[in-house]
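End of the sequence shown sits at 404 in our numbering; the numbers just go up one at a time, nothing left out.
We put the beta carbon where it would ideally sit given N, CA and C, even for glycine.
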Amino acid sequence: MNNINLLLGIQGSRRISNILLTKNGKKYFQFINRTNFLNDVVIKNIIDFLNTVRTTRLKLPIILNIGKVTVADKLSYIVLECLVYEMLNLGYSVTVKLITDSTIDTKGIEHSPLMVLNELSNIFSPNKQCRENTFKKEFNFISRRTVKYRRLVSPKSNSYLSKLTSDLILFLSNQFEFSDNFRRIQYDEIMVTKLANTIGELVGNATEHGEGDCLLDIDITHDFTHSQKQGKKFGAVNIAVLNFSNTNFGDKVKNKILNTDLSKSIRYQKIKVAYDTHQSYFNDCYNEEHFWNLASIQDKISGRLENYNNGGKGMTDLIKSIQNFTHEDYCYMMSGKEILNFKKELLKQDSDGFIGFNKDSFLQSVPETMTLGISKVFLPGVAYNLNFILEEVH
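Below is the structure:
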C-alpha cells in the first residue's frame, strides 16, 4: 500500500523512555498500553513509541502489549494493521499481545491479520518468518471470505469501480450465518445495490483525492440481539476505506476556491461566500480544515481545476440512502486530525442544495457540534469508518 510511511513520518511525536528491555539475555522493545481501550489516544501512543524505536537505529524485536481492550471502532485496528505492516517492511520483527472485548461493530478484528502476530491467539505461529509472511499476505491480498471482504484498490483502468461494485453486490448478496446451522441471511436488494454503489463511490473519491491506491476492508457480523428488540436478530456491515497521501481531503477544493477564477460557476462562488462567513467562527472545535472537508463533500463540487460545471455525486446522499435501511449507524470521515460525523438527521439539503451538517443552511450556519471531532492522530489522506446495523431476516 502506498504512503503508509506518512502515518509515522508526519506526526508530531514525543520521545518515549524505558522502552528497551532484556529477557533471558535478549533485548527487545516493548510498548505497554495502560488503558482499557484501543482508540486514537492509544494509536497515537503507539506511533510515538514506534518513532522512538526508529530513532535508536537498533533493529530489535518489537512487542506491542495492548492488553485486554474495548476497540473503539473498525478504523482503529485497521490503522494499527498499517503501522505494523510498515514496521515489518522496515525490517523489524513485531508481535502483539491483544485480547479484544469486541462488539457488533468491531467483531471483525477477529479476522484481522493482527491475529497472526498475536501471541494470545490460537493461530499464532512460533515460526517468526511464517507468521510475518502470513501477515503481509493477508494485509495485501484480496480476501472474499463469507463475512470478510478486503482488497487494495488501484485505479489502473476506467472500469475498476464498476468491477468493484459488481463484486461487492455479489459479496453482500451471499451472506450466511453458521453459529447454529447453515442459514442464509437476506438483505434488501435495493439496500445491497445502494451500499455497493456507496462503497464504490467512496473508494473512487479517496483514490481521486489521494492519487494513489486505497485499502478497503469490510466485515459482516451476524446473530446479535438487542435488549429492547426482543425476538429480533441484528447484524452489521462494518466498512473501512483508507488512503494515505500528502494531499488531504479538502486541499484541492481549498486551492480551487481561494486561488482560481470562480466567475464561471455560481455554485463555487457560494462556497467562497460560505468560507468568508464561517472563518469568523473557527475555533478549537471547528477549524478551517473541517470547513474544506465539508465543502469537498458537497454535490457538484470537484477539486479538479478545469471542472466547474460538473462534480461528483454528494457522498452524503449516498450514505443517507443506506441509513434509511438501518436500525442504527455510526459513520464518519477523517482527514488530517479533523473528523466529520454523518448524522442522518443533519444530512438534509438546504434551499441552496448544500448540506451544512446543521438544521439551517451551509452558507450562513456552522455545523452542529455533534458532527465535528478532532483526533489525536494525524491521518495523511482520507479515511471512512462506516457501521450500519441491520435487522436480519433468515
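Per-residue burial, F39 [other beta carbons within 10 Å of its own, 16 or more giving buried]: In the sequence shown, residue 39 corresponds to position 29, counting from 1. Buried, by the Cβ-count rule.
Stretch pair the region 325-341 + the region 264-271: three plus CB contacts closer than 8 Å: no
With DSSP collapsed to three states, give me the class of D227. Stepping through the sequence shown from its first residue, residue 227 is reached at position 217. Correct three-state label for D227: strand.
In this structure, how does DSSP classify V376 when only helix, strand and coil are distinguished? The residue you call residue 376 lines up with position 366 of the sequence shown. Residue state, collapsed to three classes: coil.
Can you round the beta-carbon distance between V104 and L74 to whole angstroms, since I take them to be within the 8 Å contact cut? Translated into positions along the sequence shown, residue 104 becomes position 94. Translated into positions along the sequence shown, residue 74 becomes position 64. Confirmed, Cβ separation roughly 7 Å.
What did DSSP end up calling V157 once you bin it into helix, strand or coil? To locate residue 157, count along the sequence shown from 1; it is residue 147. Coil, per DSSP.
Mind checking Y291: buried by the 16 CB within 10 Å criterion, or exposed? In the sequence shown, residue 291 corresponds to position 281, counting from 1. With fewer than 16 Cβ atoms within 10 Å of its Cβ, Y291 is classed as exposed.
Give me whichever residues DSSP pairs with T144 in a beta bridge. Stepping through the sequence shown from its first residue, residue 144 is reached at position 134. According to DSSP, which records beta bridges pairwise, T144 is partnered with nothing at all.
For T381 versus L357, is the C-beta distance shorter than 7 Å? Taking the sequence shown and counting its residues from 1, one reaches residue 381 at position 371. Taking the sequence shown and counting its residues from 1, one reaches residue 357 at position 347. Contact flag unset, no.
Relative to the C-alpha of N150, which residue among Y296, L225, T175, L60 is closest? Taking the first residue of the sequence shown as 1, we reach residue 150 at position 140. Of Y296, L225, T175, L60, the residue nearest in Cα terms is L225.
Can you tell me whether P279 is helix, strand or coil according to DSSP? Looking up residue 279 in the sequence shown gives position 269. A quick correction: the sequence has Gln, not Pro, at residue 279. Of the three classes helix, strand and coil, the one that applies to Q279 here is helix, per DSSP.
Just list the beta strand (DSSP E) runs in the region 303-371, keeping only unbroken ones of 3 residues or longer that don't cross its boundaries, in chain order. Secondary structure within the region 303-371: the beta strand (DSSP E) runs of 3 or more consecutive residues, fully enclosed, are 338-351 (chain order).
For G363, is the classification buried or exposed, using 16 other Cβ atoms within 10 angstroms of its Cβ as the cut-off for buried? Residue mapping note: residue 363 aligns to position 353 of the sequence shown, counting from 1. Exposed.
Is it true that the CB of A284 sits closer than 7 Å to the CB of F372? Walking along the sequence shown from the start, residue 372 turns up at place 362. Walking along the sequence shown from the start, residue 284 turns up at place 274. Closer than 7 Å, so yes.
Pick helix, strand or coil for Q21, following the three-state DSSP scheme. On the sequence shown, residue 21 is found 11 positions in, with the first residue counted as 1. DSSP places Q21 in coil when its eight states are reduced to three.
Can you tell me whether Q240 is helix, strand or coil according to DSSP? Counted from its first residue, the sequence shown places residue 240 at position 230. Three-state DSSP puts Q240 in coil, outside helix and strand.
Can you tell me the Cα-Cα spacing of R277 and R314, whole angstroms? Numbered from 1 along the sequence shown, position 267 holds the residue referred to as residue 277. Numbered from 1 along the sequence shown, position 304 holds the residue referred to as residue 314. When rounded, the distance between both Cα atoms is 15 Å.
So Y38 is in the beta strand (DSSP E); what residue range does that whole segment cover? Locating residue 38 in the sequence shown gives position 28, where the first residue counts as 1. Residues 36-42.
Grab the span of the beta strand (DSSP E) containing F398 for me, first residue to last. Working through the sequence shown from its first residue, we reach residue 398 at position 388. Its beta strand (DSSP E) spans residues 382-401.
Since K54 is in the alpha helix (DSSP H), which residue starts that stretch and which ends it? The residue you call residue 54 lines up with position 44 of the sequence shown. Residues 50-66.
Which of helix, strand or coil DSSP assigns to N75: As a first step, residue 75 is located in the sequence shown; it is residue number 65 there, counting from the start. Three-state result, N75: strand.
Roughly how many angstroms lie between the CA atoms of T110 and V89, to the nearest whole one? The residue given as residue 110 occupies position 100 in the sequence shown. The residue given as residue 89 occupies position 79 in the sequence shown. The straight-line gap from Cα to Cα measures roughly 16 Å.
Identify every residue that forms a DSSP beta bridge with F234. Taking the sequence shown and counting its residues from 1, one reaches residue 234 at position 224. Bridge partners of F234: F244.
Taking V202 as part of the alpha helix (DSSP H), name the residues at either end of that continuous run. By one-based count along the sequence shown, residue 202 stands at place 192. Counting along the chain, the alpha helix (DSSP H) containing V202 begins and ends at 199-220.
Between V387, L396, A393, which has its C-alpha nearest L48's C-alpha? As a first step, residue 48 is located in the sequence shown; it is residue number 38 there, counting from the start. Of the candidates V387, L396, A393, the one whose C-alpha sits nearest the C-alpha of L48 is V387.
Between the C-alpha atoms of F398 and S112, what's the straight-line distance to the nearest angstrom? Taking the sequence shown and counting its residues from 1, one reaches residue 398 at position 388. Taking the sequence shown and counting its residues from 1, one reaches residue 112 at position 102. About 16 Å.
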